[in-house]
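Participant: Structure in structure tokens, see below.
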Ligand code: SF4
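In full-length UniProt numbering, the protein residues as written are 1 to 321.
In structure tokens, the structure reads:
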């Protein structure tokens with residue numbers, strides 16, 4: 001049995017490739033060498049308009065570091081105008097007053113990565129000293145402002161205190177704290193070509209990602225799968241297009257069990273997740289839905305082998321975010 005085509009429900013909007021951190025595992029290869037790409041503000045606004053036309057109700061602004069895009073507040077407000085549920089996935093090191101203001105709108109949530117309760121541990125993952133202190137301070141500020149948050153604790157280094165990080169976030173009153181490990185994409189792949197089997201198999205079905213150059217891919221991890229470009233096509237054309245159908249077929253062949261699911265699964269499976277992920281339908285974003293390669297029995301968490309290399313790059317180790 002083949003699953004029926006699904007209406008799009010969720011989109012990642014990767015509004016920048018620029019980041020003030022240089023995390024070892026970054027699937028987007030983002031750093032201070034990145035940029036915002038060639039999507040103008042008007043292009044992103046048009047994309048949000050088209051998402052609304054398609055009936056998409058959940059979006060996530062991601063990067064790079066989306067809070068460093070000067071127009072993020074305007075994008076949030078535009079999506080909010082359509083009553084979309086909005087998540088901003090940030091490293092929470094550097095949030096401007098106008099971004100804070102937009103984050104306090106109803107229906108907006110802040111998600112962030114956190115690596116350890118120990119600042120040396122955390123900063124070793126981000127490769128920027130002081131990042132832990134800034135993230136921690138902004139988590140407190142977000143709490144004071146009553147902003148809804150989701151924590152994502154990622155296991156990157158051997159001996160990292162990720163369990164303590166998880167506990168600390170729960171103690172801070174953040175109810176939605178997930179755990180993950182390195183995904184073998186971008187810097188996390190350490191030079192290896194991305195493998196389709198490392199995805200979850202649900203990408204491109206009811207969701208897709210728009211990248212900083214306007215390209216559309218089935219998700220933020222599967223960026224080598226080019227489905228079209230919003231510079232010269234509408235999202236409707238891309239979603240219904242031949243490359244998207246071919247990508248779905250490729251994914252269904254690689255993940256036959258995902259292909260026959262009769263529901264849209266949990267949305268979205270990877271970084272973000274919203275209440276539309278209904279646990280009653282056996283959706284477990286941190287387990288079965290995760291693009292982990294778990295289905296082939298090789299669920300060994302990946303960790304950076306570079307634990308011993310502390311602040312090896314002097315050009316980034318003291319970056320002032
Ligand atoms: S904060 Fe996020 S986007 Fe920036 S380098 Fe780290 S993982 Fe990549």
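Backbone N, C-alpha and C fix where the C-beta goes; we use that ideal spot for every residue, glycine too.
Please determine, among 195, 196, 157, the residue with the shortest C-alpha to C-alpha distance to residue 182.
Facilitator: Answer by Cα proximity: 157.
Participant: Using the DSSP secondary-structure output, state which residues sit across from residue 60 in a beta bridge.
Facilitator: According to DSSP, residue 60 bridges with 12, 87.
Participant: Residue 358: buried (16+ other C-beta within 10 angstroms of its C-beta) or exposed?
Facilitator: In this structure the chain extends from 1 to 321, so residue 358 is not present and cannot be described.
Participant: By DSSP, does residue 138 sit in helix, in strand, or in coil?
Facilitator: Three-state result, residue 138: helix.
Participant: Under the three-state reduction of DSSP, which class applies to residue 121: helix, strand or coil?
Facilitator: DSSP places residue 121 in helix when its eight states are reduced to three.
Participant: Among the residues of its own chain, which have a CB less than 8 Å from the CB of residue 20, if the five just before and after it don't count?
Facilitator: These residues qualify, in order along the chain: 32, 65, 68, 91, 93, 94, 128, 319, 321.
Participant: Can you pull every residue whose C-beta falls closer than 7 Å to some heavy atom of the ligand SF4, listed in chain order?
Facilitator: This selection yields 19, 21, 22, 23, 25, 26, 28, 30, 31, 63, 64, 65, 91, 113, 126.
Participant: Nearest to residue 221 by CA position, among 154, 204, 101, is which residue?
Facilitator: For the residues 154, 204, 101, the minimum Cα distance to residue 221 belongs to 204.
Participant: Where residue 197 and residue 252 are concerned, what is the direct C-alpha to C-alpha distance, given to the nearest angstrom?
Facilitator: Cα to Cα, the separation comes out at about 11 Å.
Participant: Within 10 Å of its beta-carbon, does residue 75 have 16 or more other beta-carbons around it, so buried, or fewer, so exposed?
Facilitator: Residue 75 is buried by the Cβ-count criterion.
Participant: Who are the near neighbours of residue 187 in its chain, counting only those whose CB is closer than 8 Å to its CB and skipping five residues on each side?
Facilitator: The answer, listed in chain order, is 23, 24, 25, 26, 27, 29.
Participant: If you drop the 5 nearest sequence neighbours on each side, which residues of the same chain put their C-beta closer than 7 Å to that of residue 168?
Facilitator: Around residue 168: 117.
Participant: In the DSSP assignment, the beta strand (DSSP E) including residue 112 goes from what residue to what residue?
Facilitator: Note, residue 112: beta strand (DSSP E), 108-114.
Participant: How many angstroms separate the CA atom of residue 88 from the CA atom of residue 61?
Facilitator: Residue 88 and residue 61: Cα-Cα distance of roughly 5 Å.
Participant: Quick one, are the C-beta atoms of residue 143 and residue 105 less than 8 Å apart?
Facilitator: Contact: no.
Participant: At the level of alpha carbons, what is the spacing between residue 49 and residue 159?
Facilitator: Whole-angstrom Cα-Cα distance: 45 Å.
Participant: Would residue 150 pass as a contact of residue 111 if the rule is Cβ separation under 8 Å?
Facilitator: The answer is yes: Cβ separation under 8 Å.
Participant: What span of residues does the alpha helix (DSSP H) with residue 242 cover, start to end?
Facilitator: Looking at the DSSP string, the run of the alpha helix (DSSP H) that includes residue 242 is 242-254.
Participant: Where residue 219 and residue 79 are concerned, what is the direct C-alpha to C-alpha distance, given to the nearest angstrom?
Facilitator: Straight-line Cα distance between these residues: approximately 19 Å.
Participant: Quick check on DSSP: helix, strand or coil for residue 151?
Facilitator: If DSSP states are grouped into helix, strand and coil, residue 151 belongs with the strands.
Participant: Under DSSP, the alpha helix (DSSP H) around residue 99 begins and ends at which residues?
Facilitator: Residue 99 -> alpha helix (DSSP H) spans 97-103.
Participant: Buried or exposed for residue 135, going by 16 or more other Cβ atoms inside 10 Å?
Facilitator: By the 10 Å Cβ count, residue 135 comes out buried.
Participant: I believe residue 165 touches residue 82 by the beta-carbon criterion, under 8 Å. Please report the beta-carbon distance rounded to the nearest angstrom.
Facilitator: Actually they are not in contact, since the Cβ atoms of residue 165 and residue 82 sit about 35 Å apart, beyond 8 Å.
Participant: Could you check the C-alpha separation between residue 235 and residue 47 for me, to the nearest Å?
Facilitator: Looking at the two C-alpha atoms, the distance is approximately 7 Å.
Participant: Count the other C-beta atoms from every protein chain shown that fall within 10 angstroms of the C-beta of residue 207, then say buried if there are 16 or more, exposed otherwise.
Facilitator: So residue 207 ends up on the buried side.
Participant: Whole angstroms is fine: what's the gap from residue 54's alpha carbon to residue 121's?
Facilitator: About 43 Å.
Participant: Which one of 85, 256, 103, 36 has the shortest CA to CA distance from residue 199?
Facilitator: Cα-wise, what sits closest to residue 199 is 256.
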